[in-house]
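Student: Below you'll find the structure I mean.
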Amino acid sequence: MSRHFTFHGSFLMIVGILAVLYNPHTHSFGFNPDAKSGLIVSGAFALISFFWAFIYSRQARRVAVVGGFVTTILLFAGTIPRAFHAWTGYAQGDGGKWYSGTTISLVIVGSIPLFAALWQNLRNKK
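Take any residue in the sequence shown, count from 1 to its spot, add 1: that is its number in my numbering.
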C-alpha cells in the first residue's frame with residue numbers, strides 16, 4: 002500500500018506542475034496564473050498521500066488505509082464537478098478549458114488505481 006500512496010503523491014505533484022506550465026489562452030509555455038489553484042490542490046493532496054504512506058510504514062496500516070480512502074473520496078468530490086465544469090465550458094466554445102479539463106481528468110484517472118487498491122484492502126480486512 003505504501004508504494005500506492007507514494008506513486009499517487011508523485012503523480013499528483015507532476016500533474017500539478019504540468020497544470021501551471023502551459024497557458025492555453027496565449028498558447029505558450031510558461032507560468033499560467035489561472036492554474037495556481039490546481040497546483041495548490043494537487044500539491045496538498047500529494048502531501049497528504051505521502052503522509053498516509055508514512056503512517057502506513059509506521060505499522061498504523063488500518064489508519065492509513067481508512068484515511069487514504071476518505072481522502073481519495075474527498076479528492077473525487079472536488080475534482081469530478083470541476084472537470085465536468087471545464088469540459089462543459091469547452092463544449093460551449095471556450096477553447097481554453099480543454100487544458101484544465103485534461104489536467105483535472107488526469108487527476109481523476111490517476112486516482113482510480115489508489116482508490117481501487119484502498120477499496121480492496123478495506124473489503125479484505127473485514
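Positions of the beta carbon are idealized from the N, C-alpha and C atoms, including for glycine.
(1) What does DSSP give as the partner residues of S11 in its beta bridges?
(2) Name, in chain order, the residues that DSSP records as bridge partners for F30.
(3) What is the rounded straight-line gap between the Cα of N24 and the Cα of A36?
(4) Assess contact between the segment 53-62 and the segment 17-34, defined as three or more Cβ pairs (one per stretch) separated by less than 8 Å. Is contact present?
(5) Please go through the same chain and pick out, in chain order, the residues whose beta-carbon is closer than 7 Å to the beta-carbon of V64, but skip the five residues on each side of it.
Tutor: On the basis of the data shown:
(1) Here the question's residue 11 lines up with position 10 in the sequence shown. DSSP lists no bridge partner for S11.
(2) Residue mapping note: residue 30 aligns to position 29 of the sequence shown, counting from 1. Y23.
(3) Taking the sequence shown and counting its residues from 1, one reaches residue 24 at position 23. Taking the sequence shown and counting its residues from 1, one reaches residue 36 at position 35. Rounded to the nearest angstrom, the two C-alpha atoms are 9 Å apart.
(4) no
(5) Position 63 of the sequence shown holds residue 64. Cβ within range, chain order: I56.
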